[in-house]
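K.L.:
Residue 2 is where the sequence shown starts when you use the numbering used here, and the numbers rise one by one after that.
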Amino acid sequence: MTMEELKLVVASKLIKLRQEAGMTQAELGEKLNYSDKTVSKWERAESIPDAYVLTRLAEIYGTTVDALLREADPWMDPVEKEREAERASAPKFSSAVVTMVAIMGIWTMAVTMFVIFWLVFDSLLWIIFACAVPISLVTLLVLNSVWNKGRHNQIIVMLLVACVAALVYLFLLSYNPWQIFLILIPAEIVVALSFQIRRKEHKPAK
């Protein structure tokens, strides 16, 4: 192994161990009485720590100097490693198609019930289709949370709230309860604000 190759091996080990320990370059430098710029040089493979510093690093990380110098599998950034794990555990089927099948199943049931009431009771219950809309949105919300980590859930919930208000209005249509839609305005604002409660995480400085 050449000196340049050794620098790369040590650099990758130091980055991996420091990030696993949850330390910044400045924090590691403080433990070693070195500046963060020096630590950065080690991790950029511009220089290599001396024997004493390697011993101190091995003590800090609970490993050995030999392990720090020994070539191992290529190091992968933790973020990229997590993405690789997600790709490996991803379903081997199309989540979009499964979602569409589930929603179409709901509408098939709605049409079936509509036809049954039409044929048996000679009654056109259009309200069945109105009920199918929020049920479809609830199904979409659940599947979207499972497969897409809740991306665009805010839009789905806001649509669901609007559909529920419209459904209540239809059930009470004979009373013309238009005031229900006044409740919809603050309700939608509450939903929008609820999805903003979670604070954004700040990445630690390197």
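Positions of the beta carbon are idealized from the N, C-alpha and C atoms, including for glycine.
Grab me the residues of I16's own chain with a C-beta within less than 6 Å of its C-beta, minus the 5 sequence neighbours each way, in chain order.
P.N.:
Counted from its first residue, the sequence shown places residue 16 at position 15. The answer, listed in chain order, is E44.
K.L.:
Using the Cβ count rule (16 or more neighbours within 10 Å means buried), how would you classify Q180?
P.N.:
Your numbering for residue 180 matches position 179 in the sequence shown. Exposed is the call here.
K.L.:
Can you name, in chain order, every residue of its own chain whose Cβ lies under 8 Å from the Cβ of V192, other than the five neighbours on each side?
P.N.:
In the sequence shown, the residue the question calls residue 192 occupies position 191. Only Q155, V158, M159, V162 meet the Cβ criterion.
K.L.:
Jot down the residue ranges of each uninterrupted alpha helix (DSSP H) in the region 4 to 57, minimum 4 residues, whole runs only, in chain order.
P.N.:
4 to 22, 26 to 33, 37 to 44
K.L.:
Label K1 either buried or exposed according to how many other C-beta atoms from any shown protein chain fall within 10 Å of its C-beta, with 16 as the threshold for buried.
P.N.:
The chain is shown only over 2 to 207; residue 1 falls outside these bounds and no answer can be derived.
K.L.:
Secondary structure at T65, three-state DSSP: helix, strand or coil?
P.N.:
In the sequence shown, residue 65 corresponds to position 64, counting from 1. DSSP places T65 in coil when its eight states are reduced to three.
K.L.:
Report the three-state DSSP secondary structure of Q155 (helix, strand or coil).
P.N.:
Numbered from its first residue, the sequence shown carries residue 155 at position 154. Correct three-state label for Q155: helix.
K.L.:
Out of A131, V116, L174, I49, point me to the one whose CA is closest to E6's CA.
P.N.:
Within the sequence shown, the letter at position 5 stands for residue 6. When each option's Cα is compared against that of E6, the closest is I49.
K.L.:
Roughly how many angstroms lie between the CA atoms of I136 and F122, to the nearest whole one?
P.N.:
Along the sequence shown, one-based indexing puts residue 136 at 135. Along the sequence shown, one-based indexing puts residue 122 at 121. A straight line joining the alpha-carbon of I136 with that of F122 spans about 24 Å.
K.L.:
Where does K14 land, buried or exposed, given buried means 16+ other C-beta within 10 angstroms?
P.N.:
The residue labelled residue 14 in the question sits at position 13 within the sequence shown. Answer is buried; the Cβ neighbour count reaches 16.
K.L.:
DSSP three-state call for I136: helix, strand or coil?
P.N.:
Indexing the sequence shown from 1 puts residue 136 at position 135. I136 falls in the helix class under three-state DSSP.
K.L.:
Of all the options V40, M105, A166, which has the alpha carbon lying nearest to the alpha carbon of P187?
P.N.:
Position 186 of the sequence shown, counting from 1, holds the residue named residue 187. P187 has its Cα closest to that of A166, out of V40, M105, A166.
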